Amino acid sequence: MQYKKIPYLGVFTALALLLGYVESLVPLPFLVPGMKLGLGNVIVLLLLYLMDIKSAFFVSLIKVLLSGLLFSGFSSMLYSLAGAMVGLMLMCIGKKINALGMVGVSVLGGIGHNIGQIVVAVLVIENLNLLYYFPVLLICGTITGVLVGVVGSTSIRYIERFFYDY
Amino acid sequence: MKKGDRLLIYGILLIAILGGIYLFMQKQEGYAVEITRNGEVIMTLPLNETTTIPLHDSDSGAYHLIAITEQGEATIFESNCPDLLCVAHKNISDVKEMIVCLPYRVVVEVVL
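From first to last, the protein sequence lines stand for chains A and B.
Numbering that gives the first Met the number 0 numbers the first residue of the first sequence as 0 and each following residue consecutively.
Numbering that gives the first Met the number 0 numbers the first residue of the second sequence as 0 and each following residue consecutively.
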């Protein structure tokens, strides 16, 4: 059964990459310079629900590495990687909590992304005052998390019937 | 959306807003900006003089044009960094506000 997953994971990785690229083409007026919607996270969220943690982890890892190499350059890969991993960790914990639905899990993922990135930024520039951005980042993470969660929970209805086997 | 989702969202927003209010109450006009590269202070500029300082770094090739405006605010006017987020950042004038150029590790921070 395992080998049947591989083509799906490839398609999902490609989708995540593409969503990340598409959102970089659409400039949106946001609260903070550099704030992103994180549409690629829709895919990670869907995988977490349709398959398992391992698939979500590897797709998210490969997405970060590829989009770092293709678009954003090596220096920002570190931030994306930290964000993606902390976000995924919080999403896994959130999914274990039964009271939370997809939107809640995605909100945890959104703020996890921001927490991971700001921690790396604090380490890189060696200035703890950067943490003053934290309230703004929490709000941004919540907003993007809700949007991603709504997109995820809407689209999962249409595709989940293809994934009963997994 | 489940009830737990709503509670989580409200909880996070509450924490963020309380944190924001706390920071807002501490707000204080600054008198100078400290420019740091790789964690080392390179120079300090007073906010009451209008200036523009081009900042070159021969090691990394970094270039930043730092300006103090007539309103006593600091800004990074121009840079050759890849993401240009430091240029997009709003002007700063309150203590502990900062503009960070992550790719080149340049920080402009308002101090007392």
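Backbone N, C-alpha and C define an ideal beta-carbon position, used for all residues, glycine too.
In this text, all values refer to a predicted model and were calculated from it rather than measured experimentally.
May I ask which residues mark the beginning and end of the beta strand (DSSP E) holding residue 36 (chain B)? As a position in the second sequence, residue 36 (chain B) is number 37, starting the count at 1. Counting along the chain, the beta strand (DSSP E) containing residue 36 (chain B) begins and ends at 31-36.
Can you give the Cα-Cα distance for residue 59 (chain A) and residue 83 (chain A), rounded to whole angstroms? Sequence index remark: in the first sequence, residue 59 (chain A) carries index 60 (1-based). Sequence index remark: in the first sequence, residue 83 (chain A) carries index 84 (1-based). Distance between the alpha carbons of residue 59 (chain A) and residue 83 (chain A) is about 7 Å.
Quick check: the stretch 75-82 of chain A against the stretch 112-131 of chain A, are at least 3 beta-carbon pairs closer than 8 Å? yes
Counted within 10 angstroms of its Cβ, other Cβ atoms place residue 51 (chain A) as buried (16 or more) or exposed: As a first step, residue 51 (chain A) must be located in the first sequence, where it is residue number 52. Flag for residue 51 (chain A) reads exposed.
Would you say residue 47 (chain A) and residue 22 (chain A) are within 9 Å of each other, going by their C-beta atoms? As a working mapping, residue 47 (chain A) is identified with position 48 in the first sequence. As a working mapping, residue 22 (chain A) is identified with position 23 in the first sequence. It is not a contact, given that the beta carbons lie outside the stated cut-off.
For residue 67 (chain B): DSSP bridge partner residues: Taking the first residue of the second sequence as position 1, residue 67 (chain B) is located at position 68. In DSSP, residue 67 (chain B) forms a bridge with B:50, B:73.
I need the straight-line Cα distance from residue 45 (chain A) to residue 111 (chain B), nearest angstrom please. Position 46 of the first sequence, counting from 1, holds the residue named residue 45 (chain A). Position 112 of the second sequence, counting from 1, holds the residue named residue 111 (chain B). Cα to Cα, the separation comes out at about 49 Å.
Identify every run of the alpha helix (DSSP H) within the stretch 67-97 of chain A, keeping only runs that are complete inside it and at least 4 residues long; order them along the chain. 73-95
Interfacial residues, the stretch 31-48 of chain B to chain A, with Cβ spacing under 9 Å: When CB distances to chain A are screened at a threshold of 9 Å, the residues of the stretch 31-48 of chain B falling below it are 35, 37, 38, in chain order.
Out of curiosity, what's the CA-to-CA distance linking residue 107 (chain A) and residue 8 (chain A)? Taking the first sequence and counting its residues from 1, the one referred to as residue 107 (chain A) is at position 108. Taking the first sequence and counting its residues from 1, the one referred to as residue 8 (chain A) is at position 9. Straight-line Cα distance between these residues: approximately 23 Å.
Residue 93 (chain B) by DSSP, collapsed to three states: which one? One-based indexing of the second sequence puts residue 93 (chain B) at position 94. Strand at residue 93 (chain B).
With DSSP collapsed to three states, give me the class of residue 102 (chain B). Within the second sequence, the letter at position 103 stands for residue 102 (chain B). Correct three-state label for residue 102 (chain B): coil.
For residue 106 (chain B), decide whether its Cβ has a neighbour in chain A, counting only Cβ atoms nearer than 9 Å. One-based indexing of the second sequence puts residue 106 (chain B) at position 107. Cβ-Cβ to chain A under 9 Å: yes for residue 106 (chain B).
Could you check whether residue 74 (chain A) and residue 81 (chain B) sit closer than 9 Å to each other, using their CB atoms as the reference points? Here residue 81 (chain B) refers to the residue found at position 82 of the second sequence. Here residue 74 (chain A) refers to the residue found at position 75 of the first sequence. Judged by their CB atoms, residue 81 (chain B) and residue 74 (chain A) are nearer to each other than the 9 Å cut-off.
Based on the DSSP output, what are the partners of residue 55 (chain B) in its beta bridges? The sequence position of residue 55 (chain B) within the second sequence is 56, counting from 1. DSSP output for residue 55 (chain B) lists B:62 as bridge partner(s).
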